[in-house]
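The structure appears right after this line, and notes come after that.
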Amino acid sequence: MTFKNKVIYQIYPKSFLDTTGNGVGDILGIVKKLPYLNQLGVDMLWLNPIYPSPQKDNGYDISDYVGIDPLFGTMADFEKLLQKAKKYGIDIMFDMVLNHVSIEHEWFQKALAGDKKYQNYFILRDTPTDWQSKFGGKAWSKFGDTDQYYLHLFDQTQADLNWRNPEVREELADVVNFWLEKGVRGLRFDVINVIGKDEELKNNQVNEGKAEYTDKPITHEYLQELNARTFGKYEDAITVGEMSATTIESCILYTQPERNELSMTFNFHHLKVDYKNKEKWTIMDFDFEELKHLFHTWGEEMSDANGWNALFWNNHDQPRALNRFVEIKEFRETGAKMLGAAIHLSRGTPFIYMGEEIGMINPDFDSIEAYKDVESLNAYQHLLTTGLDKESVIEIIKDKSRDNSRIPMQWNQEKNSGFSTGESWLQVADNYQEINVEKELAEGSIFSFYQQLIHLRKEMPLIAEGSYKGYAKDHKAVYAYIREWQGQKLLCLNNFYKEEVEIEIPEEFLSGKVLVDNYEKTKIEAKQTLKAYQTLGILV
1 MTFKNKVIYQ
11 IYPKSFLDTT
21 GNGVGDILGI
31 VKKLPYLNQL
41 GVDMLWLNPI
51 YPSPQKDNGY
61 DISDYVGIDP
71 LFGTMADFEK
81 LLQKAKKYGI
91 DIMFDMVLNH
101 VSIEHEWFQK
111 ALAGDKKYQN
121 YFILRDTPTD
131 WQSKFGGKAW
141 SKFGDTDQYY
151 LHLFDQTQAD
161 LNWRNPEVRE
171 ELADVVNFWL
181 EKGVRGLRFD
191 VINVIGKDEE
201 LKNNQVNEGK
211 AEYTDKPITH
221 EYLQELNART
231 FGKYEDAITV
241 GEMSATTIES
251 CILYTQPERN
261 ELSMTFNFHH
271 LKVDYKNKEK
281 WTIMDFDFEE
291 LKHLFHTWGE
301 EMSDANGWNA
311 LFWNNHDQPR
321 ALNRFVEIKE
331 FRETGAKMLG
341 AAIHLSRGTP
351 FIYMGEEIGM
361 INPDFDSIEA
371 YKDVESLNAY
381 QHLLTTGLDK
391 ESVIEIIKDK
401 SRDNSRIPMQ
411 WNQEKNSGFS
421 TGESWLQVAD
431 NYQEINVEKE
441 LAEGSIFSFY
451 QQLIHLRKEM
461 PLIAEGSYKG
471 YAKDHKAVYA
481 YIREWQGQKL
491 LCLNNFYKEE
501 VEIEIPEEFL
511 SGKVLVDNYE
521 KTKIEAKQTL
531 KAYQTLGILV
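Using full-length UniProt numbering, the letters of the sequence shown map in sequence onto residues 1 to 540.
Below is the structure:
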């Protein structure tokens, strides 16, 4: 399959590289850095939305599905990116936000103006349910001057589309085909498992109403229909579904090849292991037992049922993984490599988020004025009402804000880390003098380690295709698994702590070859000592 030996690199265009000096990254900035991305070895670039948008939710509120926002450039710029990337053997993955549109979209505006056809494009009710928006507050807002309400599972400027209307599904299939015909070969479907709402919407206070609209059986029918109408016609198309609050059972169904739905799915359970009482806006050390259990359960069950995971630590909605899982003062580089190997040697398609390959970390902003993210600003206001003082609230925002990953890419030691000659739309991290691409390529070792991991996946069917079986599941510090493919085996050991630990090596691996190691010249022994944040891949 085309996606199993690929590695995908995520770019948040607004923060990658600004070529105009207006402080906002743009399409030509991506074009300029194609040689760098080719040097890393990635196969596909996933771009966060670059459609026209009021930018209430950083582009996930789309006002035109078949245009390019002038903020990022022109359609000609995008066509240039497609063409130049192709010369490097790199494809483009586009973000498909098909659950909702901006209330500034023509469809919503026509609905507001009284057009019955377009009113049926949205989910309007006389009586709203008790569901909560994922950004806080109620999931329903007044529909213009009428007595009705429209559903918005996210920001109130993002109106949910009515997928039960065949005309909506046809319009969205046309959108997907438009970009495929342009040459886009990757499609990342935003929160795609919430498109299948029931006809009758019911109150449900449990988990903010999520059970009423998440992973409904009809979603599979919609995806099969979309597949048949659009990307299923392209042998080289790669699709990934972002799955909100999903289950393994559902993701197996979404990704089994014979079902003709999606290539792979993202789930986020492993990035909630530092949520106290399952609440995001809290601070706690990550729960290693829970992390390990999730990786093993998803790894084994998807492997056994021939489903496929998209593997990742970082994205535009998450704080940097290094801050969450590694003691970065002493072990930033070693820990970055361990985290990389833990997923790149596993079963699934790895995604790298921009800056991960140089070990970027959270920016440590010290005031709320530095933050732009709507979710973070809402959380700040909410947390103040709970009785916490400002200092405590800022510490929480620092820890969990989505802006942690949205800061400008750190290219060099020049002004604004080489991201822009103007005033950057979001502040650059103070650590850019120490952590930047130029310095990493000259004297660092994370980038070259990532190059090695990417190369191994391309060269070894064992890594691209092999099965997954958890190993030493009860170990208190090590996440370990065995991959197997046509008589070959790989044991991958990852110490998630700074303390040295011992682990028993199965006899068959004692005569094996060290394939991956973030320390030098490790000798394989029956009782293996793993150093701080050591990763070790042993091949037989």
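C-beta atoms are modelled at their ideal positions from N, C-alpha and C, and glycine is treated no differently.
For clarity, every value in this text was computed on a predicted model and none was experimentally measured.
When every heavy atom of the ligand GDP is checked, does at least one fall within less than 7 Å of the C-beta of residue i?
| i | result |
| --- | --- |
| Glu212 | No copy of the ligand GDP appears in this structure; indeed no ligand is present at all. |
Taking the alpha carbon of residue i as the point to measure from, which residue in the options has its own alpha carbon closest?
| i | options | result |
| --- | --- | --- |
| Glu170 | Lys489, Lys280, Glu261 and Leu223 | Leu223 |
| Arg125 | Lys116, Asp115, Leu112 and Phe143 | Phe143 |
| Val540 | Leu462, Ala305, Tyr519 and Phe496 | Leu462 |
| Asn203 | Val191, Asp115, Tyr121 and Trp131 | Trp131 |
| Glu504 | Glu300, Glu104 and Tyr471 | Tyr471 |
| Asn404 | Asp18, Val428 and Glu502 | Val428 |
| Gln205 | Lys458, Leu493, Ala139 and Phe78 | Ala139 |
| Lys329 | Asn362, Asn495 and Leu98 | Asn362 |
| Tyr60 | Ile68, Gly67, Val66 and Asn48 | Asn48 |
| Leu510 | Glu525, Ile368 and Ser420 | Glu525 |
| Arg188 | Glu212, Glu261 and Asn162 | Glu261 |
| Gln156 | Leu201, Ile103 and Pro166 | Ile103 |
| Gly46 | Ile11, Glu258, Glu484 and Phe312 | It is Trp, not Gly, that sits at residue 46 in the sequence shown. Out of Ile11, Glu258, Glu484 and Phe312, Ile11 has the C-alpha closest to the C-alpha of Trp46. |
| Val437 | Ala480, Gln39 and Met44 | Gln39 |
| Gly487 | Pro319, Gly466 and Trp163 | Gly466 |
| Gly232 | Thr219, Leu311, Tyr213 and Ala173 | Ala173 |
| Leu456 | Cys251, Thr297 and Ser346 | Ser346 |
| Phe135 | Leu536, Trp281 and Leu294 | Trp281 |
With 16 as the cutoff for other CB atoms within 10 Å, does residue i come out buried or exposed?
| i | result |
| --- | --- |
| His270 | buried |
| His382 | exposed |
| Gln158 | buried |
| Gly335 | buried |
| Pro35 | exposed |
| Thr127 | exposed |
| Gly114 | exposed |
| Met243 | buried |
| Asn306 | exposed |
| Val66 | exposed |
| Gln433 | exposed |
| Met75 | exposed |
| Lys292 | buried |
| Met283 | In the sequence under discussion, the amino acid at residue 283 is Ile, which differs from the Met named in the question. By the 10 Å Cβ count, Ile283 comes out exposed. |
| Phe178 | exposed |
| Pro217 | exposed |
| Lys513 | exposed |
| Glu333 | buried |
DSSP three-state call for residue i: helix, strand or coil?
| i | result |
| --- | --- |
| Asp69 | coil |
| Ala341 | helix |
| Lys531 | coil |
| Phe3 | coil |
| Trp140 | strand |
| Gln39 | helix |
| Ala310 | strand |
| Arg125 | strand |
| Met284 | coil |
| Lys292 | helix |
| Gly537 | strand |
| Ser467 | strand |
| His475 | coil |
| Ile62 | coil |
| Phe268 | coil |
| Asp91 | strand |
| Tyr9 | strand |
Can you grab the Cα-Cα spacing for the pair residue i / residue j, in whole Å?
| i | j | result |
| --- | --- | --- |
| Ala111 | Phe72 | 29 Å |
| Gly137 | His316 | 22 Å |
| Ile92 | Pro70 | 19 Å |
| Leu441 | Tyr533 | 22 Å |
| Val501 | Ile394 | 35 Å |
| His100 | His152 | 8 Å |
| Asn207 | Lys489 | 42 Å |
| Thr29 | Lys80 | The sequence given here places Gly at residue 29; Thr does not occur at that position. Rounded to whole angstroms, Gly29 to Lys80 spans 12 Å at the Cα level. |
| Val478 | Phe351 | 22 Å |
| Phe108 | Thr146 | 14 Å |
| Glu375 | Ser53 | 18 Å |
| Thr265 | Ile248 | 10 Å |
| Phe268 | Ala245 | 7 Å |
| Ser420 | Phe16 | 9 Å |
| Leu201 | Glu301 | 32 Å |
| Ile62 | Val516 | 43 Å |
Uninterrupted alpha helix (DSSP H) stretches inside the segment 187-240 (no shorter than 4 residues) = 217-229
Please list the segments of the alpha helix (DSSP H) lying wholly inside the segment 408-446, counting only runs of 4 or more residues, in order along the chain.
-> 437-443
Secondary structure, beta strand (DSSP E): runs of 3+ residues fully inside the segment 148-187 = 149-151 and 158-160
Could you name each continuous beta strand (DSSP E) segment of 3 residues or more that falls completely within the segment 323-372, going from the start of the chain to the end?
-> 349-353
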